[in-house]
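So the sequence shown is numbered by full-length UniProt numbering: it starts at 1 and just counts up by one.
For every residue, glycine included, the Cβ atom is placed at its ideal position computed from N, Cα and C.
Worksheet for the structure shown next.
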Amino acid sequence: MLPLASGLLQTRPIEWPTLALFAGSYALFAASVYAGVAGLVSTVPAVLAAAVAAYAAFTPMHEAAHRSLARSALLNGVVGRLSGLLLMAPFLAVRHFHLEHHKHTNDADRDPDHWSGRGPWYLLPLRWATQDLHYYYLFLRSYHAQKRGERIETIATLAAMFAIVALAFGLGYGELALLYWIVPARLAIFFLAFAFDYLPHYPHEITAGQNRYRATRAIDSALFNVLLFGQTYHLIHHLYPAVPFFRYRTVWKYQREELMKLQSENLAPLRAPLPLLAAGSLAAPRAPTIHAAHPVQAAAELDAL
Numbered sequence: 001m002l003p004l005a006s007g008l009l010q011t012r013p014i015e016w017p018t019l020a021l022f023a024g025s026y027a028l029f030a031a032s033v034y035a036g037v038a039g040l041v042s043t044v045p046a047v048l049a050a051a052v053a054a055y056a057a058f059t060p061m062h063e064a065a066h067r068s069l070a071r072s073a074l075l076n077g078v079v080g081r082l083s084g085l086l087l088m089a090p091f092l093a094v095r096h097f098h099l100e101h102h103k104h105t106n107d108a109d110r111d112p113d114h115w116s117g118r119g120p121w122y123l124l125p126l127r128w129a130t131q132d133l134h135y136y137y138l139f140l141r142s143y144h145a146q147k148r149g150e151r152i153e154t155i156a157t158l159a160a161m162f163a164i165v166a167l168a169f170g171l172g173y174g175e176l177a178l179l180y181w182i183v184p185a186r187l188a189i190f191f192l193a194f195a196f197d198y199l200p201h202y203p204h205e206i207t208a209g210q211n212r213y214r215a216t217r218a219i220d221s222a223l224f225n226v227l228l229f230g231q232t233y234h235l236i237h238h239l240y241p242a243v244p245f246f247r248y249r250t251v252w253k254y255q256r257e258e259l260m261k262l263q264s265e266n267l268a269p270l271r272a273p274l275p276l277l278a279a280g281s282l283a284a285p286r287a288p289t290i291h292a293a294h295p296v297q298a299a300a301e302l303d304a305l
């Protein structure tokens, strides 16, 4: 594990880049809705901009789920819940199933995100589009196993969102709710399931229990590190869940040589109807300077979940 003195594995009182991303996602969402409704831009780019805002909001919600946005439980909770609204996602349910994903990565029976990687290739887009619906199915199936407070808040959040949509349709604003909330959320969830659930864990055959270094991938690309908010280095996130997203690449640099060796054997290449990967390989940076670090070990954060 990296020396803690480096500060890379420690959550600061407030991780300002994550908070800035949260504020930026809401600013972009508000601007896209205003521009579309006011006729400053046509509907399609306005809806796509709102989808980008919803996509960006996932990262602060994800950081809050791991309590890596801040040391304050209150701040993590507030930002996580507000970020989830843009995705029409109840924060506590997302947090629960995401932590289950960490504990049971690629386990066909226990990993909630395995939904996005199973089945024939031609059905995968349908699975990416319904990853959150699969969460709701699992929520109902394991209803009594959930904490009572989490059950109540999840149901209340879903009911409130449905009520808002119903009210919008009742007042004649249904088209706006559809175009600037429902559709952007669905588009964002589709891409999130593809980029954060499918790609990093392909071919979804090696479980974390068997080999955590091969259950999750890292795609070494400076360009996609920015576009995917660090999740090109998804392996780092699974090894060190408390590390903020904007430090994944730095941690990767420290341990790149060892991690590449641990990943190189028997790891199938990613499937190719994916232009994203071709661009990723083209954008891959030169081999970074390897800094001295202790041998890679199992992350205590993951073991503690």
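Give the single residue among the options whose Cα lies nearest to the Cα of residue i.
i, options, result
"K261", "N76, R214 and S68", "R214"
"N211", "A65, L235, I152 and V33", "L235"
"G36", "S25, A50 and Y26", "A50"
"I164", "I152, W181, E153 and E63", "W181"
"residue 306", "G209, T18 and L228", "Only positions 1 to 305 of the chain appear in this structure, which leaves residue 306 out of reach."
"T18", "A70, F29 and P45", "A70"
"F58", "L171, A159 and A193", "A193"
"T207", "L9, F169, E100 and G119", "E100"
"T157", "Y135, A93, S25 and L8", "A93"
"R110", "Y122, Y135 and P241", "Y135"
"D107", "T216, A65 and S83", "T216"
"I14", "H98, R67 and A30", "R67"
"I155", "T43, A145, L167 and F139", "F139"
"H204", "L133, W115 and A177", "W115"
"T105", "A53, Y202 and R247", "Y202"
"A23", "E153, G80, Y173 and F190", "G80"
"V47", "L179, F245 and H237", "L179"
"M61", "Y254, R148 and V78", "V78"
"Q10", "G172, A20, Y248 and A30", "Y248"
"F190", "G149, Q131 and I152", "Q131"
"R95", "V52, P241, G7 and L40", "P241"
"A53", "H144, A38 and A31", "A31"
"A222", "F246, H237 and H238", "F246"
"A177", "R148, Y26, L239 and V33", "V33"
"Y137", "F97, Y122 and V243", "F97"
"L82", "R118, S25, A38 and G117", "S25"
"R12", "P244, E258 and Q263", "P244"
Based on the DSSP secondary-structure assignment, which residues constitute the bridge partners of residue i?
i, result
"A70", "I14"
Using the rule of at least 16 other Cβ atoms within 10 Å of the residue's Cβ for burial, across every protein chain shown, is residue i buried or exposed?
i, result
"A16", "Contrary to the premise, residue 16 reads as Trp rather than Ala in this sequence. Exposed: under 16 other Cβ atoms inside 10 Å."
"W252", "buried"
"E63", "buried"
"P112", "buried"
"P120", "exposed"
"S142", "exposed"
"L74", "exposed"
"Y55", "buried"
"I219", "buried"
"S72", "exposed"
"G84", "buried"
"T43", "exposed"
"G7", "exposed"
"Y254", "buried"
"L133", "exposed"
"Y122", "exposed"
"R256", "buried"
"G117", "buried"
"P273", "Confidence in P273 is poor, its pLDDT being 39 and thus under 50, which makes the residue's placement too unreliable to answer from."
For this session: Please determine if the stretch 190-201 and the stretch 123-134 are in contact, where contact requires at least 3 C-beta pairs separated by less than 8 Å.
Result: yes
Problem set entry | Segment contact flag, the stretch 74-93 with the stretch 166-185, C-beta cutoff 8 Å, min 3 pairs | yes
For this session: Run through the stretch 106-137 for me and flag every whole alpha helix (DSSP H) of 4 or more residues, listed as ranges in chain order.
Result: 124-129
Problem set entry | Those runs of the alpha helix (DSSP H) which lie wholly inside the stretch 140-217 and span at least 4 residues | 148-170, 174-177, 183-192 and 212-215
Exercise. Which whole runs of the alpha helix (DSSP H) in the stretch 73-108 are 4 residues long or more, in chain order?
Worked result: 73-86 and 91-103
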